[in-house]
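Residue numbers (UniProt numbering), protein chains in the order written: chain A, 1 to 338; chain B, 1 to 508.
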């Protein structure tokens, strides 16, 4: 038996110097990214506080901001997984709409709270399953498959409602939107968002599922040759996104007390934008739940500040666009120092 | 100082990346009309240096003089305007555009400033291809349809479409067969005769001896020797400069008691495995402790055979058995579960997660072992990865560094560690030392032999005949998808194998 050649002398004592800065660099970069997002959020709070000191910092307003952020936030957590795996889900808004109207038809409402929750989640999972099968086993490009789902789900939602708003009559559902249901001032919707976020973070960072998601997004061929079932993983990811849409639809039903086929309009763009400014790579291989949630909060806060100041939504859209550009530019700068 | 300043003179070039000092004061002088070879281990700074020269990286310090005048290469375009062209190892062609469009990309001949004069572009492309000895390439064809060698010619035509004074070639022969290499050298000769300077990077020392005029050796971001005569400097001296120690082309000894242990049952059996259009039915037995080599040229079906055994390609006929049990054809997961592991040819594209740490690259095939109900025990994962990488003496000895910061040899060790950790019993190695510098190769050979001694069966593919002969116990020689000869490595020599891969043999 032959021993491997011992490594060249100088290399061993060089190790600590070589590894320390690299490690520190990584931590520093992650910090800069999160800190800059927190900075933007803080700046927005200051702007809100200065322009509308009484309204903006009012507890009710802050509760409102968080509640509004919860619906899109849950969608964004699912989207973060999909994007991290190198995919995209354009159908989230349409799935939210379809799930919310399906869960609020008269027939479903007969089953009360449980029926509405069950239907929302099931419709979300069903749509996710179709997306996943088409992409993972049908070999369709995610962009196209989910674009098709966007169109069909919206169409089906319109067909179910005939364009009418479906009012929710279940008391137990409507109660969840009332102030009486707040626990220590936290609305139930926000708690759901928090739970989804925590679970999402744990799954992405601490489980084999999360690791495989990152591997598939970072290098699908390498993942396949390493023995990962890439197709099954992709199927699960779109199922997960569908599940998040189902939960979001349920939250939206509580929030609005109704189901509408126009629900979730442009959620796909908001969710993608929030994930991207949060630091998730659109090309896959790196995702951050914390960043995505901060992205959601930034967007929701902007919307709120503009509404309080009676500014039109067109200005709001322009501001959102500018923030996306600024965030990505900042990230490119931090990334280019790699 | 010479009365005529050198064409290019770089001095004291420094460049740092976070955690890495890639260039630490490098000097490089290139004269017009010479072939200046750049040698160095992976991570020695060659790539960084040529990227600085191409304007793709901005140096932190140092000066660049072009014909004696100090210049700043702010962008690749700036470098191109001076007449510096770079042909990267990974060809940067647009597959969906035609040859002519690729050659003129970014400087299309136009009428009225924006209408592309396609015919003129095609004609000038034809002329360039002719000059390169490849008149058979149709300028109207899509680049994606061409072979690797032809694509390289297109890349070169693109360089020549500018008024080029200096061409940098990064391992141009890596993807070429011997006769294509001859053509490459002829082109290099023509260029230098015209006064063009060539900076030539290669791992193959014999090539440098054939066409090089002078050699600059880089090590750890410094030029340890500049402008050595390429033809007369002894190989041993060059290798010593690159590695900082004296290394012959060392292969580990084979076990004295003879391999294969004749009585042993085969671990891997390949029976009539074939893929139409790629390789003909092949039979192969692999016993524990044995290293079998597949020798052949690019296109002889070597990699395809390996990938089909591994399940990454679906066979059109035949089967693979492990311990006598057939594997599900075309399933990587079945192969991995049965104990197969592949270290593929394109490490970065096919094996590594470049954004991730060494640990995560090593553990990716074994995640379920460190997890309960999907929950990863990161301490156990880290510990196991550390143990596996230590066993292979992977440097640096810290598995939390990003895998992209490792040298080629250590990246290969990370891939091997992945399979070692998995408890793999049959290791498939596709060009195991590709992109691995000469100094690190001996270490990698020793690792492979040690794994075999510990009972693994190894099937390796290499285009370097000495490597197959030196490392393997038994050699299968392939030619155009067919096994033309099988023999113990001891009974073959380089000459014989080369004859076989080129001519085939009635003795098969």
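Note that CB positions come from ideal geometry on N, CA and C, so glycine has one too. These figures come from a predicted structure and were not determined experimentally.
task: Consider the Cβ of residue 332 (chain A): report whether some Cβ of chain B lies at a distance smaller than 8 Å.
output: Position 332 of the first chain, counted from the first residue, corresponds to residue 332 (chain A). Not an interface residue.
field: Close beta carbons around residue 264 (chain A), own chain, < 6 Å, minus the five adjacent residues each side
entry: Position 264 of the first chain, counting from 1, holds the residue named residue 264 (chain A). So the qualifying residues of the chain are 93, 96, 97.
message: With H, G and I counted as helix, E and B as strand and the rest as coil, what does DSSP make of residue 5 (chain B)?
response: For the purposes of this step, residue 5 (chain B) is identified with residue 5 of the second chain, where counting begins at 1. When secondary structure is reduced to three states using DSSP, residue 5 (chain B) falls in the coil class, being assigned neither helix nor strand.
message: Along the chain, where does the alpha helix (DSSP H) containing residue 70 (chain A) start, and where does it finish?
response: If you number the first chain from 1, residue 70 (chain A) lands on position 70. Run containing residue 70 (chain A): 59–84, per the alpha helix (DSSP H) assignment.
- request: For chain A, find out if any of its Cβ atoms is closer than 8 Å to the Cβ of residue 412 (chain B); answer yes or no.
  value: Residue numbering aside, residue 412 (chain B) sits at position 412 when the second chain is read from its first letter. No - not a single Cβ of chain A is within 8 Å of the one on residue 412 (chain B).
- request: Name the two residues that bound the continuous alpha helix (DSSP H) containing residue 159 (chain A).
  value: Walking along the first chain from the start, residue 159 (chain A) turns up at place 159. Note, residue 159 (chain A): alpha helix (DSSP H), 142–161.
- prompt: Are the stretch 165–179 of chain B and the stretch 79–98 of chain B touching by the rule of at least three beta carbon pairs closer than 8 Å?
  reply: The stretch 165–179 of chain B is in contact with the stretch 79–98 of chain B.
task: Report yes or no: do three or more beta-carbon pairs, one from the stretch 390–409 of chain B and one from the stretch 306–315 of chain B, lie closer than 8 Å?
output: no
query: Taking all protein chains shown into account, do 16 or more other C-beta atoms lie within 10 angstroms of the C-beta of residue 101 (chain B), making it buried, or fewer, making it exposed?
result: What you label residue 101 (chain B) is simply residue 101 of the second chain in a count that begins at 1. Under this definition residue 101 (chain B) is a buried residue.
- request: Identify which residue in B:90, B:158, B:136 has its Cα closest to the Cα of residue 108 (chain B).
  value: Residue 108 (chain B) sits at position 108 when you count from the first residue of the second chain. Nearest of B:90, B:158, B:136 to residue 108 (chain B), Cα basis: B:158.
Residue-chain proximity (residue 209 (chain A), chain B), Cβ-Cβ < 8 Å: Locating residue 209 (chain A) in the first chain gives position 209, counting from the first residue. Answer yes: the Cβ-Cβ gap between residue 209 (chain A) and chain B drops below 8 Å somewhere.
message: With a threshold of 8 Å, are at least 3 pairs of Cβ atoms found where one atom belongs to the stretch 211–222 of chain A and the other to the stretch 276–288 of chain A?
response: They touch, by the three-pair rule.
query: Applying the criterion that 16 or more other CB atoms from any shown protein chain within 10 Å of the CB defines a buried residue, is residue 245 (chain B) buried or exposed?
result: Translated into positions along the second chain, residue 245 (chain B) becomes position 245. Reliability of the predicted coordinates at residue 245 (chain B) is poor, the pLDDT of 48 falling under 50, and the value obtained from them is presented with this limitation in mind. Exposed is the call here.
- prompt: Looking only at C-alpha atoms, which of A:257, A:251, A:288 sits nearest to residue 118 (chain A)?
  reply: In the first chain, counting from the first residue as 1, residue 118 (chain A) sits at position 118. Minimum Cα distance to residue 118 (chain A) is reached at A:251.
message: Is residue 151 (chain A) close to chain B? Criterion is C-beta to C-beta, closer than 8 Å.
response: Taking the first chain and counting its residues from 1, the one referred to as residue 151 (chain A) is at position 151. No, no contact with chain B.
query: Is the stretch 343–357 of chain B touching the stretch 425–440 of chain B in the sense that three or more CB pairs, one from each, lie closer than 8 Å?
result: yes
query: Under 8 Å between the Cβ atoms of residue 386 (chain B) and residue 399 (chain B)?
result: On the second chain, residue 386 (chain B) is found 386 positions in, with the first residue counted as 1. On the second chain, residue 399 (chain B) is found 399 positions in, with the first residue counted as 1. In contact: residue 386 (chain B) and residue 399 (chain B) (Cβ atoms closer than 8 Å).
task: Note down the Cα distance separating residue 5 (chain A) from residue 267 (chain B), rounded to an integer number of angstroms.
output: Residue mapping note: residue 5 (chain A) aligns to position 5 of the first chain, counting from 1. Residue mapping note: residue 267 (chain B) aligns to position 267 of the second chain, counting from 1. Low confidence applies here, because residue 5 (chain A) scores a pLDDT of 40, under 50, leaving its location unreliable; read the following figure in that light. If I take the Cα positions, the gap works out to 29 Å.
query: Exposed or buried, which one is residue 495 (chain B) when buried takes at least 16 other CB atoms within 10 Å?
result: Position 495 of the second chain, counting from 1, holds the residue named residue 495 (chain B). Exposed is the call here.
message: Using a Cβ-Cβ cutoff of less than 6 Å, which residues in the same chain neighbour residue 200 (chain A) once the five nearest sequence positions on both sides are dropped?
response: Taking the first residue of the first chain as 1, we reach residue 200 (chain A) at position 200. So the qualifying residues of the chain are 77, 289.
- prompt: What's the call for residue 96 (chain B), buried or exposed, on a 16-neighbour Cβ count within 10 Å?
  reply: By 1-based counting over the second chain, the position of residue 96 (chain B) is 96. Burial call: exposed.
query: At what residues does the alpha helix (DSSP H) containing residue 413 (chain B) begin and finish?
result: In the second chain, the residue the question calls residue 413 (chain B) occupies position 413. Residues 408–422.
- prompt: By Cβ distance, which residues of its chain are closer than 7 Å to residue 255 (chain A), with the 5 residues on each side in sequence left out?
  reply: Locating residue 255 (chain A) in the first chain gives position 255, where the first residue counts as 1. Closer than 7 Å at the Cβ level, and outside the excluded window around residue 255 (chain A), lie 67, 71, 177, 189.
- prompt: Given a threshold of 16 other Cβ atoms within 10 Å of its Cβ, counted over all protein chains shown, does residue 106 (chain B) qualify as buried or as exposed?
  reply: For the purposes of this step, residue 106 (chain B) is taken as residue 106 along the second chain, with counting starting at 1. Residue 106 (chain B) should be labelled exposed.
query: List, in order along the chain, the chain A residues whose C-beta lies closer than 7 Å to that of residue 374 (chain B)?
result: Within the second chain, the letter at position 374 stands for residue 374 (chain B). Within chain A, the residues near residue 374 (chain B) are 207, 208, 209.
task: Could you work out which residue in B:469, B:498, B:14, B:37 is closest to residue 229 (chain B) when comparing CA atoms only?
output: Here residue 229 (chain B) refers to the residue found at position 229 when the second chain is read from its first residue. Ranking B:469, B:498, B:14, B:37 by Cα distance to residue 229 (chain B) puts B:37 first.
query: Can you find a CB in chain A that lies within less than 8 Å of the CB of residue 14 (chain B)?
result: Here the question's residue 14 (chain B) lines up with position 14 in the second chain. Residue 14 (chain B) does not count as touching chain A.
query: Closest Cβ-Cβ distance between residue 231 (chain A) and chain B: below 8 Å?
result: Your numbering for residue 231 (chain A) matches position 231 in the first chain. Residue 231 (chain A) does not count as touching chain B.
query: Checking contacts by CB at 8 Å: is residue 349 (chain B) closer than that to chain A?
result: Counting from 1 along the second chain, the entry for residue 349 (chain B) is found at position 349. Closer than 8 Å to some Cβ of chain A, the Cβ of residue 349 (chain B) qualifies, so yes.
message: Relative to the C-alpha of residue 133 (chain B), which candidate in B:476, B:381, B:181 has its C-alpha closest?
response: By 1-based counting over the second chain, the position of residue 133 (chain B) is 133. Per the Cα distances, B:181.
field: Secondary structure of residue 314 (chain B), DSSP reduced to three states
entry: As a working mapping, residue 314 (chain B) is identified with position 314 in the second chain. Coil at residue 314 (chain B), not helix or strand.
- request: Closer than 8 Å by C-beta to residue 55 (chain A): which residues in its own chain qualify, once you throw out the five before and the five after it? Chain order, please.
  value: Taking the first chain and counting its residues from 1, the one referred to as residue 55 (chain A) is at position 55. Only 61, 308 meet the Cβ criterion.
query: Taking 8 Å as the CB-CB cut-off, is residue 114 (chain A) touching chain B?
result: Walking along the first chain from the start, residue 114 (chain A) turns up at place 114. No, residue 114 (chain A) does not count as interfacial toward chain B.
message: Out of B:410, B:327, B:481, which one is the CA nearest neighbour of residue 447 (chain B)?
response: As a first step, residue 447 (chain B) must be located in the second chain, where it is residue number 447. Ranking the options by Cα distance to residue 447 (chain B), first place goes to B:410.
query: Run through DSSP, which three-state label would residue 346 (chain B) get?
result: Against the second chain, residue 346 (chain B) aligns to sequence position 346. Here residue 346 (chain B) sits in coil by DSSP.
- prompt: Whole alpha helix (DSSP H) runs in the stretch 111–173 of chain B with 4 or more residues, listed along the chain?
  reply: As for any alpha helix (DSSP H) of minimum length 4 sitting wholly inside the stretch 111–173 of chain B, the runs are 118–131, 148–161, ordered along the chain.
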